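Numbering of the sequence shown is given in UniProt numbering, commencing with residue 1 and proceeding in unit increments.
Working notes, structure below.
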Amino acid sequence: SLTTRATNLLEGMLNSYDEVLGGSSMSASVYDTAWISLIIKTIDGSPQWLFPESFNYLLDTQETSGAWPTYASQTDGILNTSAALLSLCKHIKNPHQLDLDVQDLQSRLTKAKLSLQEKLEVWDVPASTHVGFEVLVPAMLDFLEVEGIAFEFRGKDPLMKIRSAKLAKLSPEILYSSERTTALHSLEAFIGKINFDRIRHHKVFGSMMASPSSTAAYLMESSTWDEESEMYLHRVVKGAKDRGIGGVPSAFPSHFFELSWVVTTLLDVGFTREELGMDITSTIGSMLKSELERGSGLIGFASYLEPDGDDTAKCICALSALGIRVTPDKLIQEFGGEVSFETFHHERNAKISTNCNVLLALLSGDANHYRQHIEKVIRFLCGIVWKNHDKFTDQWNLSSYYPIMLLCQAFTKAINASRTKNRPLLLDRNLKGQMSIILFQILIRLLRARREDGSWEDSPEPTAYATLALQSLTYLESAQTLSREINGAIKGAQVFITAKTENEFQATYVWIEKVTYKSNILAQVYAIAALKAPGCELTQTCLSNDCNLIQKQLVGKYSHLPLLFETPCWLLTASLTEGDLFTTQLAEICQQILPESKVGGKHLKFIPFTWTVSNHISNSGLSASCLLDMMTFSALLYAMDHYMESVVMQLSRDDRFTIRQSVLSIFRNMDHISEHLAESKIDDPIKRFILFLWDHPNVRRASRHEKRQVTIHLLDYLLGHLAQLEDNIRRAQPQHNGNCKVTKSHEWLYDTHGSILRWLGSTSGPHTGGNIAFAFFTCLMHAQYGHEPFATTLSQYVSEDLAHHMSILSRLYNDYGSITRDMEEGNINTADFLSLQWYQGSSLIIADDPKQQLLSLARYEKMTIGSIIQQSLSPLVSEAVLNGVNVFFNAVEMYGQMYVMKDHTPRMK
């Protein structure tokens, strides 16, 4: 049973621990083993290799290519191969007591050099996340160069710059002081740079921060032999013998890390202390509590080691789950920063997983007492994910589903704490809204990423992470609409995990140290928890029957749109629910910008959906921030339409002319728009609309070309609106012919605009806002992807042409759906170019069928757009940018097809 498996796991952990050091379930590391193999000790006056079994381990694990294993990342192969290559060099030069086949070693060395060169050539240095890689790899290259082996590769200069920046922050005096720093874990990188005799006081049970490689460096570089450090290394080799004789892990011990993670995972998923065994859980609780008290409220991953924010937070969670109350005060004091929590002091970037664990720890006690810190962490986490939906990378685990799992658990706990009847957590309303949106987007992401065999990443451990993330999301009200899909995903994952673990359990290389490692203990506990996870049950807080009925009706309606014919109903439902979650923030933002506007009602029903569903069917990862900005801009375009037609159109001709001159004056110099706007007496709604765009952070940070596009198309948009108003007013002045009231629209329109194409391109197209919307969207893509989407002259040319055609398509669709309304209200419509129209009494007579002509024009524009995207733009931009462009085009198509279904423009009263 699962309970037996969980109990056996806990008992096995405690029984396997070394009585002095503790234990570790980390897999063997070639890198650390190679450092152990370099140790020489003089015995009876003769130098001897101290750990020949470790050198044999290296020989046994070398691959036929000459390299050593790349467990899961490029950094693994580079560090493993470089360290083992160094050991080969040393052993060839001085075999000492070993009877070695030097010719064989030379052959191995030659192949190893070639393999390492190949690995370095393709190494993506900026993408590396492993602990200390920026100092470890350069150090290994230096050591090999001393042996006469030098490497040149394209990433070498950037790597050395990163190392220089890292070392500039670390003075040797820090290592000589009593302050404990993470550099103690990687002392091999400082050989030749520090005096190792002056760091002896940092030893813990003979080790340097529980690192075999760091301890090996200390032992070799100290002027006097350290028996305690030698004994530590012998204990590590002995304790790791089940991982291959002579092989050692990157850290030993790590038992407090493992105990905290295991206990928290089991109890959080529903196991009770009674099921797990009161004696064993009491023993573990006592161990963790004692170490936490010894550290004055802080703990590291093993006894007496430097404390860190991650292990301290998880320990607090474990003790809370065991019913032992401790406060997070010391955690806050030691690791709390202005905007987030640190794992270790002086780290480059705050970690998602650490801050999730801190949030869970803060929520485990009196949440309102720590509300300030809780909101700080939530704001930090939202800030990362809100602006970049795909930014789920973590320094401790390669799988994106690990931080996703922790974020889901932390955010759902915070939301639930805010809804309890007894002293609910008083959270900022906007933060709650952002958390709800982020969680629901993760839910959709999880459901879409699941493989046919029920797994994620085709591996039990990441699948377990994803399953536990889904399980935590079942507590969301919004998730109730997808309960069938959630339950199916959880059951499918459990079948996959069972099949993969029932015979021989295989852990996955996902955990990050100096090199990637796997842990049977952690893999097992997450598998057990995932198998224990319950599904989604409908709750009393589920959406009302009326809301469900309305949503089903909308799904039925939208599923008939040609664009959504092949979209699964569950994804349409999810997109509607996701859109609903944006509605409150969207309405508030629109109200702040244009309080006079008519934004609301049906617009806020379908605008969010058009962007959420377009994002999903395009397989894009547009962030929540980007989606909300485009929803806002779409709503503001409707509001500006209404304002222009209901207010500006009623002004005198002179007043309208004054507005036009004011608009031209504001945009006379792109570098001074803000100043010109401040000086202008233009109407407040127009001014606030301009400010929304021009003062938007992503527009301000955009390239000069992107800003110029925003300027040009914003000016064209406003002038197009004003020109359309003048045409509408002129159209409203009919000529009389007997008893017929005739509007010869096509005659004077052709005289004024030349042709239908010129009118669509110069007045009507820009008036829809399509061009300015795409210019704004380009700035948003730049912010999300971190580079200019259209950086070359050709891509800029093609993208502007694309935007031009999409704005025309939008106009044609709009006019198709609003022919009758435009005729009633006196608005110029593209159909006015197509045929003579008149009223006979109160009846509207149309000489030809303009709708079919409009659709023919729309089909031509759609074909042209498809050709531009697939043939012209696709080779010029990144896949992410192309997906983003498809989102925009699909949104245009969505609005168009909805216009064809029903006109959505506000009617004049």
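Just so it is clear, CB atoms sit at the ideal spot from N, CA and C, and this is done for glycine as well.
These numbers were taken from a predicted model, which means no experiment stands behind them.
Backbone secondary structure at residue i - three-state DSSP
i: Pro697; result: helix
i: Met209; result: coil
i: Pro158; result: helix
i: Asp428; result: coil
i: Val248; result: strand
i: Asn349; result: coil
i: Phe151; result: coil
i: Phe790; result: coil
i: Gly66; result: coil
i: Thr129; result: coil
i: Lys289; result: helix
i: Trp261; result: helix
i: Lys41; result: strand
i: Ile512; result: strand
i: Asp801; result: helix
i: Gln591; result: helix
i: Gln48; result: strand
i: Asp18; result: strand
Separation of residue j from residue i, as counted between CA atoms
i: Lys413; j: Glu228; result: 46 Å
i: Arg730; j: Ile868; result: 37 Å
i: Ile437; j: Ser634; result: 19 Å
i: Leu159; j: Leu322; result: 45 Å
i: Ala247; j: Leu693; result: According to the sequence displayed, residue 247 carries Gly and not Ala. When rounded, the distance between both Cα atoms is 60 Å.
i: Tyr643; j: Glu706; result: 27 Å
i: Tyr797; j: Ser807; result: 16 Å
i: Ser164; j: Asp801; result: 46 Å
i: Val892; j: Ile316; result: 51 Å
i: Phe411; j: Ser575; result: 21 Å
i: Arg700; j: Ile772; result: 15 Å
i: His234; j: Val262; result: 27 Å
i: Tyr816; j: Arg379; result: 45 Å
i: Thr498; j: Glu457; result: 16 Å
i: Arg348; j: Ser399; result: 21 Å
i: Met640; j: Phe790; result: 29 Å
i: residue 928; j: Pro534; result: Residue 928 is absent from the structure shown; the chain starts at 1 and stops at 909.
i: Thr312; j: Thr64; result: 43 Å
i: Arg243; j: Leu522; result: 16 Å
i: Thr792; j: Leu381; result: 34 Å
i: Gly720; j: Ala858; result: 20 Å
i: Leu882; j: Tyr526; result: 37 Å
i: Ser302; j: Pro403; result: The sequence shown places Ala at residue 302, not Ser. Cα to Cα, the separation comes out at about 23 Å.
i: His346; j: Ile550; result: 53 Å
Contact with chain C by residue i, beta-carbon distance below 9 Å
i: Gly12; result: Absent here is chain C; the protein component of the structure consists of one chain.
With 16 other Cβ atoms within 10 Å as the buried cut-off, status of residue i
i: Cys89; result: buried
i: Asp695; result: exposed
i: Val877; result: buried
i: Val122; result: exposed
i: Cys569; result: exposed
i: Lys119; result: buried
i: Met901; result: exposed
i: Arg445; result: buried
i: Phe657; result: exposed
i: Pro562; result: exposed
i: Lys602; result: exposed
i: residue 914; result: As shown, the chain starts at 1 and ends at 909. That puts residue 914 outside it, with no answer to give.
Identity of the residue in the options nearest residue i by Cα
i: Ile194; options: Thr182, Ile174, Gly295; result: Ile174
i: Leu715; options: Ala587, Asn728, Leu691; result: Leu691
i: Thr272; options: Pro307, Ala529, Ile415; result: Ala529
i: Gln591; options: Leu604, Asp18, Gly579, Gly535; result: Leu604
i: Thr481; options: Arg448, Tyr509, Leu571; result: Leu571
i: Thr567; options: Pro403, Thr612, Ser472, Ser455; result: Thr612
i: Pro307; options: His369, Glu179, Arg325, Ala449; result: Glu179
i: Leu363; options: Met13, Asn416, Met405; result: Asn416
Distance between beta carbons of residue j and residue i, contact taken as under 8 Å
i: Lys518; j: Ala507; result: 4 Å
i: Leu319; j: Gly295; result: Going by Cβ atoms, the distance from Leu319 to Gly295 rounds to 13 Å, so no, they are not a contact pair.
i: Leu259; j: Leu288; result: 6 Å
i: Arg811; j: Leu760; result: 6 Å
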